[in-house]
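A.B. asks: Note that the protein sequences, when read in sequence, are chains A and B.
Counting in the UniProt record's numbering, the first sequence runs from 1 upward without gaps.
Counting in the UniProt record's numbering, the second sequence runs from 1 upward without gaps.
I'd like to ask you about the structure that follows.
Number of protein chains: 2
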Amino acid sequence: MTTNEFFGKSIFLSNWFSILLVTCVAVLLRCLVAKFDVAKYLWGHNNEEFVSNLANNSKEGDCEEYLSALPEVEHVPYFGATITLPGGSKQFYEMANNRHSVRAFKPHPIPAFEVIENCILAAGCAPSGAHTEPWTFCVISNKDFKHRIRHIVEREEEINYAQRMSKQWRSDLRPLKTNHVKSYLTDAPYLILVFKQVYGFTKSGKRKQHYYNEISVSIAVGILLCALQAAGVSSLVTTPLNCGAALCRLLKRPINEKLLVLMPVGYPSDNCLIPNFKRKELKDIIFVN
Amino acid sequence: MTTNEFFGKSIFLSNWFSILLVTCVAVLLRCLVAKFDVAKYLWGHNNEEFVSNLANNSKEGDCEEYLSALPEVEHVPYFGATITLPGGSKQFYEMANNRHSVRAFKPHPIPAFEVIENCILAAGCAPSGAHTEPWTFCVISNKDFKHRIRHIVEREEEINYAQRMSKQWRSDLRPLKTNHVKSYLTDAPYLILVFKQVYGFTKSGKRKQHYYNEISVSIAVGILLCALQAAGVSSLVTTPLNCGAALCRLLKRPINEKLLVLMPVGYPSDNCLIPNFKRKELKDIIFVN
Chain A
1 MTTNEFFGKS IFLSNWFSIL LVTCVAVLLR CLVAKFDVAK YLWGHNNEEF VSNLANNSKE
61 GDCEEYLSAL PEVEHVPYFG ATITLPGGSK QFYEMANNRH SVRAFKPHPI PAFEVIENCI
121 LAAGCAPSGA HTEPWTFCVI SNKDFKHRIR HIVEREEEIN YAQRMSKQWR SDLRPLKTNH
181 VKSYLTDAPY LILVFKQVYG FTKSGKRKQH YYNEISVSIA VGILLCALQA AGVSSLVTTP
241 LNCGAALCRL LKRPINEKLL VLMPVGYPSD NCLIPNFKRK ELKDIIFVN
Chain B
1 MTTNEFFGKS IFLSNWFSIL LVTCVAVLLR CLVAKFDVAK YLWGHNNEEF VSNLANNSKE
61 GDCEEYLSAL PEVEHVPYFG ATITLPGGSK QFYEMANNRH SVRAFKPHPI PAFEVIENCI
121 LAAGCAPSGA HTEPWTFCVI SNKDFKHRIR HIVEREEEIN YAQRMSKQWR SDLRPLKTNH
181 VKSYLTDAPY LILVFKQVYG FTKSGKRKQH YYNEISVSIA VGILLCALQA AGVSSLVTTP
241 LNCGAALCRL LKRPINEKLL VLMPVGYPSD NCLIPNFKRK ELKDIIFVN
């Protein structure tokens, strides 16, 4: 006897085809409602969809029942920026344009730890969705930890270059002359691992949403880069593929934190070379109306 | 006759249950392989998964067949930062800490357009995945366009506040005293709409991957914020929910561009108030090893 005959006695099962058909139509309609937006997950993270999901997944109730995760602070007058640069935007641009990613560091001299602290304090001034401040900066200078981090990253990067990255990707990276060997992870005096807190906790231990956490933490990284440059310190923004979980375990990060970027920080080695790329011109990045 | 009897003559269909079972097991195994990582799409964009997809979806072949999207430039010596701040990281931190998000702008005075250009040039110095520079900055000062943008945003924000945002989200925003009325969109002398190019095109018109484009463009936004502050100009980072497509159409952006943030830029209005939040302390954002 076929499985069909066996299950044929149930009304539900004997009409399986109609049910399947209705389900398919429902799924199709759902896709249409989402405006064929399936492709966007392939090409980039869509915040709108992401946030819609957040909204829809949240339990609803009377608004008054919900406490804000933020304190209800007073609003005070603000008269605009008072601490600026004497040379304004031009001076800032010259400084930003002087920054270059460095892939070869010397172990000495070591930038003062106070400098690193100031740079992280500056990064912590970034705006964030509903003022959630969803960032953690792990500063590693311990030799043993740097070696363990290098071991984790090189092990994964060897597989990345051999299997996980497409041929096109490897070709795109060729002018950068990178490979899976990452000596900067043990040479640089500091490694800053920036974690995004994908959610947080209220004082009462309730889970709290961190809206747009990836954008917020990336903005903080932009400020961190500028602060390091202001102090004359070089860095490199890396996103080591498939290393997040192992690095979280090594650094005993809580479950709500995910690695965003890993940055070696210090001074370039004496024989440091950088690719002589031109930046895009203003007319290629601006649109005026 | 039931649909079951009708389709029962096919071997394939009469064994539908076994086939369904095998499919389910296959899907389950796929989920196990992905290490139960379904949840991460709810909590945040996972770059590793995203990039793995990119790698796997790319057509493979002999590496030598692939041209790099970047030119094969020479590598030149780099001796580190030469343009810094006299007060180093401390001066930078004080400047960053002086920046506050502003929600009430005055239409005059208008910051010089050159200032905006310098700030965008500085933002364009951000690092990006494989030096793809995946950003476009649309600067809007035209009154009519500002009104049209406000119309689009307020229409959607009214629905966002009424339906799309969860009660918890609205409660979390309560201390910010925001609602769907966005006068800053017509009051501020400039609106800067920052678009991420989720992919690009090579000179020959071939599609080219923009690795980690959202992180890269968000880092550029961080630099833009600092540059504006250096020039004494205030701003607000907003992520208007569900407005991306309409704003892309209005500004005739190409299909590879998605709105990341919309920033009103100018000077605070005379009666501007800001919430008196404290920033997290250093000890709460740093972890040292």
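Glycine included, C-beta positions come from ideal geometry on N, C-alpha and C.
For the beta strand (DSSP E) containing residue 286 of chain B, name the first residue and the last one.
C.D. replies: Where residue 286 of chain B is concerned, the enclosing beta strand (DSSP E) stretches over 286-288.
A.B. asks: Here's the rule I'm using: 16 or more other beta-carbon atoms within 10 Å means buried, otherwise exposed. How should residue 209 of chain B be labelled?
C.D. replies: buried
A.B. asks: In the segment 130-143 of chain A, which residues sit with their C-beta less than 7 angstroms from some C-beta in chain B, listed in chain order?
C.D. replies: Listed by position along the chain: 130, 131, 133, 135, 136, 137, 138, 139, 140 and 142.
A.B. asks: Compute the Euclidean distance between the alpha carbons of residue 211 of chain A and residue 236 of chain B, then round it to the nearest angstrom.
C.D. replies: If you take the alpha carbons of residue 211 of chain A and residue 236 of chain B, they lie about 16 angstroms apart.
A.B. asks: Between the alpha carbons of residue 144 of chain A and residue 89 of chain A, how many angstroms are there, rounded?
C.D. replies: 42 angstroms
A.B. asks: Residues in its own chain within less than 8 angstroms of residue 269 of chain A by CB, not counting five upstream and five downstream?
C.D. replies: 104, 105, 106 and 187
A.B. asks: From the beta carbon of residue 203 of chain B, is the nearest beta carbon of chain A less than 8 angstroms away?
C.D. replies: no
A.B. asks: Would you kindly check if the distance between the Cβ of residue 71 of chain A and the Cβ of residue 231 of chain A is under 8 angstroms?
C.D. replies: no
A.B. asks: If you drop the 5 nearest sequence neighbours on each side, which residues of the same chain put their C-beta closer than 6 angstroms to that of residue 240 of chain A?
C.D. replies: 153 and 262
A.B. asks: Which same chain residues end up closer than 6 angstroms to residue 274 of chain B when comparing Cβ atoms and leaving out the 5 residues on each side of it in sequence?
C.D. replies: 100
A.B. asks: What residue ranges within the segment 135-203 of chain B form continuous alpha helix (DSSP H) runs of no fewer than 4 residues, ordered along the chain?
C.D. replies: 143-159, 167-173 and 184-187
A.B. asks: Name, please, each residue of chain C whose Cβ falls closer than 7 angstroms to the Cβ of residue 126 of chain B.
C.D. replies: Among the protein chains of the structure shown, namely A and B, there is no chain C.
A.B. asks: Quick one, are the C-beta atoms of residue 353 of chain A and residue 91 of chain A less than 8 angstroms apart?
C.D. replies: What the structure shows of chain A is the stretch from 1 to 289, and residue 353 of chain A is not part of that stretch, so it cannot be assessed.
A.B. asks: Per DSSP, residue 238 of chain B is paired with what?
C.D. replies: B:262
A.B. asks: How long is the line joining the alpha carbons of residue 193 of chain B and residue 160 of chain B, rounded to whole angstroms?
C.D. replies: Near 20 angstroms, if we compare the C-alpha coordinates of residue 160 of chain B and residue 193 of chain B.
A.B. asks: Can you give the beta carbon distance from residue 247 of chain B to residue 259 of chain B, rounded, assuming they're within the 8 angstroms contact cut?
C.D. replies: 5 angstroms
A.B. asks: What three-state label does DSSP hand residue 102 of chain B in the structure shown?
C.D. replies: In the structure shown, the three-state DSSP call for residue 102 of chain B is coil.
A.B. asks: For residue 151 of chain A, which residues in chain B fall below 8 angstroms Cβ to Cβ?
C.D. replies: Within 8 angstroms Cβ-Cβ: nothing; residue 151 of chain A doesn't reach chain B, min ~16 angstroms.
A.B. asks: State the Cα-Cα distance for the pair residue 18 of chain A and residue 12 of chain B, rounded to the nearest angstrom.
C.D. replies: 16 angstroms
A.B. asks: Answer with buried or exposed for residue 79 of chain A, where buried requires no fewer than 16 other C-beta atoms within 10 angstroms of its C-beta.
C.D. replies: With fewer than 16 other Cβ atoms within 10 Å, it is exposed.
A.B. asks: Residue 255 of chain A: which of A:171, A:288, A:199 and A:215 sits nearest, CA to CA?
C.D. replies: A:199
A.B. asks: Enumerate in chain order the residues of its own chain whose CB-to-CB distance from residue 229 of chain A is below 8 angstroms, with the five nearest sequence positions on each side excluded.
C.D. replies: Cβ neighbours of residue 229 of chain A beyond the five flanking positions: 95, 96, 98 and 99.
A.B. asks: Looking at chain A, which residues of the segment 84-99 of chain B have a Cβ within less than 9 angstroms of any of its Cβ atoms?
C.D. replies: 84, 85, 87, 88, 89, 90, 91, 92, 93, 94, 95, 96, 97, 98 and 99
A.B. asks: So, does the CB of residue 287 of chain A fall closer than 8 angstroms to a CB anywhere in chain B?
C.D. replies: yes
A.B. asks: Note down, in chain order, all residues in the segment 264-278 of chain A with a beta-carbon under 8 angstroms from any beta-carbon belonging to chain B.
C.D. replies: Among the residues of the segment 264-278 of chain A, those with a Cβ less than 8 angstroms away from any Cβ of chain B are 267, 268, 271, 272, 273, 274, 275, 276 and 277, in the order of the chain.
A.B. asks: Am I right that residue 74 of chain B and residue 276 of chain A are in contact with their C-beta atoms under 8 angstroms? What's the rounded C-beta distance?
C.D. replies: 5 angstroms
A.B. asks: For a quick check, are the C-beta atoms of residue 138 of chain B and residue 225 of chain B less than 8 angstroms apart?
C.D. replies: No; because the gap between Cβ atoms is not below 8 angstroms, this pair is not in contact.
A.B. asks: Tell me which residues share the same chain as residue 85 of chain A and place their Cβ nearer than 8 angstroms to its Cβ, disregarding the 5 neighbours each side in the sequence.
C.D. replies: 91 and 92
A.B. asks: State the DSSP-derived secondary structure class of residue 110 of chain A, mapped to helix, strand or coil.
C.D. replies: coil
A.B. asks: Would residue 141 of chain A and residue 190 of chain A qualify as a contact pair, given that the criterion is a beta-carbon distance under 8 angstroms?
C.D. replies: In this structure, residue 190 of chain A lies closer than 8 angstroms to residue 141 of chain A by Cβ.
A.B. asks: For residue 52 of chain A, I'd like the list of residues in its chain whose CB is within less than 7 angstroms of its CB, leaving aside the five on either flank, ordered along the chain.
C.D. replies: Bear in mind that the predicted position of residue 52 of chain A carries a pLDDT of just 43, short of 50, making it unreliable; the figure below should be weighed with that in mind. Answer for residue 52 of chain A: no residue qualifies.
A.B. asks: Is there at least one non-hydrogen atom of the ligand ZN closer than 7 angstroms to the beta-carbon of residue 265 of chain A?
C.D. replies: You won't find the ligand ZN in this model; it holds no ligand whatsoever.
A.B. asks: Do you know offhand how far residue 176 of chain A's Cα is from residue 68 of chain B's?
C.D. replies: 10 angstroms
A.B. asks: Rounding to the nearest angstrom, what Cα-Cα distance links residue 213 of chain A and residue 16 of chain A in this structure?
C.D. replies: 44 angstroms
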